[in-house]
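One structure is given here, and the rest of the page talks about it.
Residue numbers (my numbering), protein chains in the order written: chain R, 1 to 265; chain P, 1 to 314.
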């Protein structure tokens with residue numbers, strides 16, 4: 001080309017000379033995941049939800065169970081720890097994600113990122129990775145507390161892993177649906193309410209059998225299926241295929257619902 | 001650095017955008033030259049932001065064609081996005097994210113980002129790098145927004161009301177930065193409702209109102225006729241009927257008198273020492289009391305008033 005570069009025009013210093021380009025997708029996804037995980041952990045309320053409440057439930061449940069003699073076939077701590085791990089997944093993948101996404105829409109963060117090179121698939125991957133990262137930290141803390149209380153887990157690694165991944169997918173899809181459907185404040189309220197209801201009555205922490213006839217119903221909820229799958233894996237060392245299928249069903253239904261209704265602003 | 005290209009950076013042709021009953025953009029056509037600063041000027045609600053968001057790929061044109069760097073912003077989004085920088089009118093960051101953290105994050109999404117510390121210094125974010133977004137002032141949020149638009153070293157930046165909420169010093173810094181961008185070969189498209197901003201910065205100004213292009217040109221072309229004087233007459237109570245015609249007869253045929261509202265008139269005509277005296281005498285004869293009589297050269301503001309019949313900032 002014979003035309004002189006435009007950078008030589010008056011006022012140019014070359015500082016801002018164009019050199020556009022997207023970072024490789026995996027680097028973008030990692031950056032997004034790191035950012036989202038940091039923000040989730042920085043928020044005081046989220047930390048309460050993610051770690052403090054599950055620890056209180058675990059410690060309190062084991063203490064109370066020992067005193068009032070909760071009648072399980074297994075030691076109380078062996079029953080409650082898998083349930084509390086399931087509760088941690090529920091809190092992060094559903095409640096934290098829904099609240100964070102609701103406010104991202106409100107504050108225009110998703111719009112802003114929409115004009116960056118990060119594609120939507122990358123944004124979703126980043127979010128998913130951030131959830132798994134936070135869940136990993138939760139698992140480390142809660143397992144340590146459980147072990148200190150005498151937890152003796154069975155080695156159902158595959159079943160537990162599948163339960164966490166499918167449970168995350170199911171609750172994340174439902175959380176995104178909620179965030180895409182309601183205003184940010186309403187999402188905040190609803191996500192916390194659902195968390196409390198499922199914690200108390202959703203067969204997450206306590207086995208469905210503890211609920212009497214109601215237990216048959218609760219087993220079909222994502223909370224009951226996740227709790228059941230975790231207990232089967234970590235008490236019996238087996239894989240609860242029926243519970244995993246229920247979680248998969250919720251994940252597919254939630255994704256379809258979200259894909260139809262979610263808007264980025 | 002790309003060589004100057006005859007192909008425009010942006011082509012908007014016959015764009016129509018409606019929201020329900022309301023037509024936000026009504027058959028708009030305009031072009032933006034490469035490595036230039038182009039101002040899209042118009043009052044609030046004129047359709048500026050909608051037009052910009054169509055160029056940025058946020059909205060699909062309902063009618064007409066939009067091309068940015070020769071690409072379709074919706075269909076070719078993936079190729080286009082790394083090449084453009086976007087400054088939104090507000091928001092766009094997590095409330096708890098620190099200013100520099102946000103800038104670093106967006107930098108990581110790009111292949112060859114600018115040095116974030118240098119950029120932060122240039123836009124004047126030096127003191128508030130560790131401040132969470134929600135605690136930044138409006139002007140600081142604007143500066144961060146500008147930095148986010150520039151960090152990926154784009155070929156073209158779209159900046160929506162870049163200096164709204166900034167103090168005068170920050171405005172000047174921002175203007176200098178935008179001029180430097182042009183010097184470095186970056187195409188700058190900005191919307192504004194500040195006349196001085198458009199007049200100072202723009203190589204070309206597109207004035208839009210009610211979603212239509214009503215004038216285009218360089219600031220000089222739009223305000224041409226430096227020897228032409230303008231007098232703005234504001235009176236204390238509404239003018240009598242047919243006041244513009246009567247004043248024009250008093251001043252002579254070369255004069256143009258435009259009634260702006262019930263109590264103000266704009267007189268445009270040959271500069272003449274006696275003109276002011278004639279206007280005063282006409283006021284006396286017509287029994288109107290002048291509140292102010294402003295003599296000046298034709299400004300963009302006057303051009304806008306003449307074209308749209310209303311104040312830009314209103």
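Each residue gets a CB set at the ideal place from its N, CA and C atoms; glycine is no exception.
Run the proximity test for residue i: is its beta-carbon closer than 7 Å to any non-hydrogen atom belonging to the ligand SAM?
i                     : result
residue 196 (chain P) : Ligands in the displayed structure: none, and consequently the ligand SAM is not present.
Output yes or no for whether 8 Å exceeds the beta carbon distance between residue i and residue j.
i                     : j                     : result
residue 22 (chain R)  : residue 109 (chain P) : yes
residue 120 (chain R) : residue 112 (chain P) : no
residue 175 (chain P) : residue 213 (chain P) : no
residue 304 (chain P) : residue 208 (chain P) : no
residue 89 (chain R)  : residue 167 (chain R) : yes
residue 210 (chain P) : residue 26 (chain P)  : yes
residue 149 (chain P) : residue 85 (chain P)  : yes
residue 279 (chain P) : residue 239 (chain P) : no
residue 160 (chain R) : residue 234 (chain R) : yes
residue 326 (chain P) : residue 50 (chain P)  : In the structure displayed, chain P extends from 1 to 314; residue 326 (chain P) sits before or after that span and is not available.
residue 91 (chain R)  : residue 50 (chain R)  : yes
residue 142 (chain R) : residue 77 (chain R)  : no
residue 16 (chain P)  : residue 47 (chain P)  : no
residue 254 (chain R) : residue 223 (chain R) : no
residue 179 (chain R) : residue 251 (chain R) : no
residue 176 (chain R) : residue 101 (chain R) : yes
residue 81 (chain R)  : residue 146 (chain R) : yes
residue 12 (chain P)  : residue 74 (chain P)  : no
Of the choices the options, whose alpha-carbon is the least far from that of residue i?
i                     : options                       : result
residue 44 (chain P)  : P:81, P:114, P:147 and P:192  : P:192
residue 69 (chain P)  : P:140, P:156 and P:88         : P:156
residue 141 (chain P) : P:268, P:186, P:93 and P:49   : P:93
residue 140 (chain R) : R:116, R:241 and R:54         : R:54
residue 189 (chain P) : P:30, P:18, P:19 and P:133    : P:30
residue 276 (chain P) : P:253, P:300 and P:247        : P:247
residue 163 (chain P) : P:148, P:138, P:154 and P:180 : P:138
residue 301 (chain P) : P:256, P:249 and P:222        : P:222
residue 61 (chain R)  : R:223, R:151 and R:164        : R:151
residue 308 (chain P) : P:134, P:42, P:87 and P:286   : P:42
residue 205 (chain P) : P:10, P:154, P:11 and P:40    : P:40
residue 97 (chain P)  : R:36, R:102 and R:105         : R:36
residue 266 (chain P) : P:286, P:284, P:235 and P:281 : P:235
residue 256 (chain R) : R:148, R:173 and R:12         : R:173
residue 81 (chain P)  : P:118, P:100, P:154 and P:18  : P:154
residue 29 (chain R)  : R:149, R:47, R:129 and R:42   : R:129
residue 151 (chain P) : R:115, R:81, R:188 and R:241  : R:115
residue 245 (chain P) : P:232, P:259, P:8 and P:233   : P:259
In the DSSP assignment, the beta strand (DSSP E) including residue i goes from what residue to what residue?
i                     : result
residue 96 (chain R)  : Per DSSP, residue 96 (chain R) belongs to no beta strand (DSSP E) and is neither H nor E.
residue 26 (chain P)  : 22-32
residue 108 (chain P) : From DSSP, residue 108 (chain P) is part of no beta strand (DSSP E) but of the alpha helix (DSSP H) over 99-108.
residue 204 (chain P) : 204-209
residue 86 (chain R)  : No beta strand (DSSP E) contains residue 86 (chain R), which is instead part of the alpha helix (DSSP H) from 76-89.
residue 38 (chain P)  : 37-41
residue 210 (chain R) : Residue 210 (chain R) -> no beta strand (DSSP E), and no H or E assigned at all.
In terms of residue numbering, what span does the alpha helix (DSSP H) encompassing residue i cover?
i                     : result
residue 46 (chain R)  : 44-47
residue 13 (chain P)  : Per DSSP, residue 13 (chain P) belongs to no alpha helix (DSSP H); it is in the beta strand (DSSP E), 10-19.
residue 49 (chain P)  : 48-55
residue 305 (chain P) : 300-308
residue 79 (chain P)  : 77-80
Near-chain R residues of the stretch 51-75 of chain P (beta-carbon distance less than 9 Å), N- to C-terminal order
56, 57 and 58
I'd like the ranges of any alpha helix (DSSP H) spanning at least 4 consecutive residues and lying wholly in the stretch 224-260 of chain P.
243-251
May I ask you to list, following chain order, the residues of the stretch 180-204 of chain P that have a beta carbon less than 8 Å from some beta carbon of chain R?
180, 181, 182, 183, 184, 185 and 186
Residues of the stretch 153-181 of chain P with Cβ closer than 8 Å to any Cβ of chain R, in chain order:
Going along the stretch 153-181 of chain P in chain order, one finds 153, 154, 155, 179, 180 and 181 with a Cβ nearer than 8 Å to chain R.
Which whole runs of the alpha helix (DSSP H) in the stretch 115-195 of chain R are 4 residues long or more, in chain order?
120-148 and 157-181
Contact residues within the stretch 105-125 of chain P, judged by C-beta distance below 7 Å to chain R
105, 106, 108, 109, 110, 111 and 112
Taking Cβ-Cβ distances below 8 Å as the criterion, which residues of the stretch 246-261 of chain P are in contact with chain R?
none
Counting only runs of 4+ residues fully inside the stretch 140-196 of chain P, write out the alpha helix (DSSP H) ranges in chain order.
168-183
Just by C-beta distance, which residues in the stretch 36-60 of chain R are closer than 7 Å to chain P?
39, 42 and 43
Residues within the stretch 10-30 of chain P neighbouring chain R, beta-carbon criterion of under 8 Å
none
At 4 residues or longer, and completely inside the stretch 212-252 of chain R: list those alpha helix (DSSP H) runs for me, N to C.
214-218 and 222-231
If the cut-off is 8 Å on Cβ atoms, which residues from the stretch 114-130 of chain R count as contacting chain P, listed in chain order?
114, 115, 116, 117, 118 and 119
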